[in-house]
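In the working numbering, the protein residues as written are 43 to 376.
Beta carbons are placed, not taken as given, at the ideal position from N, Cα and C, and that holds for glycine.
Predicted, not measured: the structure shown is a model, and the values here were computed from it.
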């Protein structure tokens, strides 16, 4: 039993198109129906679950109007059945109240079950990549962007977060079901949710750009790793001291600031350009060509530290509590 807009309903789930007769033996009328292009049993059950969940958290109350769900597995249809022996004005209000609640479940179904397929289709058709592996990686970028809310093409984009996407889809569903209470959900998504689909295309475009940058970065890291592998060591050890947030110092084996003379022309050329901190530290380490690198840091998972460990694989040791570390951090805390 649930309460919507002050009216209570008893909700029944009716399976395999077998209509249950209530104790009043009342006649039922179809308030709305949702069909799927694919009549796969699994998808029909998922749809019924999302609709059921939309009513699950509503307040229970005594004295209810009976509401039934007719689940037609064979034809891929879920119908909402309400009482027919009600005054027309009251029946219309109750029908709209139920539809307003049901569109929440339908919106959840679209985002959770249909959105990944929509993204996959857009990636395959519009990303410019044909490799299945590359398409999967771009799809993963898309999902992360949508789930983590890192992507915001503009303030009005319905894809800035899940809540806004839900609101946009729900509004369109409510408008449609109010006018015509029978809907094919796949067709609705394909032909009515133009703004939603366009916003997904924007996400795919952004994800492709991110994928290209990431691929270029990984290729560059692989090149640096190869260069380091064939390079002869010039000095025995370099200590990398992570001081505070984005501050890194390079010291020799005696914990003296690394002599700038060990930075050759190759590194100097890069250092004179506009590089970020990670590029500067890495290029200095490559120029110094140490046999061993000891990184002193309390944040071993920091991106720069992971990059150094990748490029200088086999040469890097992490340290968090040696005498030099303790002395360094004590000075910071004074």
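A straight line joining the alpha-carbon of residue 250 with that of residue 203 spans about 19 Å. Runs of beta strand (DSSP E) with 3 or more residues, each lying fully within the region 164-239, are found at 224-226, listed in chain order.
Taking C-beta atoms as the reference points, residue 283 and residue 228 fail to come closer than 8 Å. Between the region 269-281 and the region 334-349, the count of C-beta pairs closer than 8 Å reaches three or more; the two stretches touch. Taking residue 212 as the centre and dropping the five residues before and after it, the same chain places the C-beta of 145, 146, 149 closer than 7 Å to its C-beta, in chain order. Taking C-beta separations shorter than 7 Å and ignoring five residues to either side along the sequence, the partners of residue 273 in its chain run 331, following chain order.
For residue 285, the secondary structure class from DSSP, reduced to helix, strand or coil, is strand.
A residue is called buried once 16 or more other Cβ atoms fall within 10 Å of its Cβ, and residue 356, having fewer, is exposed. The bridge partners DSSP lists for residue 75 are 121, 224. Among the bridge pairs identified by DSSP, residue 291 is matched with 283.
By the criterion of a C-beta distance shorter than 8 Å, residue 153 is surrounded in its chain by 204, 207, 208, 211, once the five residues flanking it on both sides are discounted. Nearest to residue 300 by alpha-carbon distance, out of 328, 286, 320, is 328. Rounded to whole angstroms, residue 169 and residue 366 show a C-alpha spacing of 51 Å. Taking a cut-off of 8 Å for Cβ pairs, the region 69-80 and the region 107-122 touch, as three or more such pairs fall below it. Residue 126 is classed as exposed because its beta carbon has fewer than 16 other beta carbons within 10 Å across all chains shown. Secondary structure note for residue 328: its alpha helix (DSSP H) is the uninterrupted segment 319-330. Put simply, the region 157-169 touches the region 228-245. At least three CB pairs are less than 8 Å apart. Exposure of residue 364 is indicated by the presence of fewer than 16 other C-beta atoms within 10 angstroms of its C-beta.
When secondary structure is reduced to three states using DSSP, residue 108 falls in the strand class. The region 106-117 and the region 81-90 touch, with no fewer than 3 CB-CB distances between them shorter than 8 Å. Straight across, the Cα-Cα distance linking residue 235 with residue 263 is about 42 Å. Within 10 angstroms of the beta-carbon of residue 360 lie fewer than 16 other beta-carbons, which makes it exposed. Between residue 255 and the set 157, 180, 185, 173, the nearest pair of CA atoms involves 180. The three-state reading of DSSP puts residue 114 in strand, counting E and B together.
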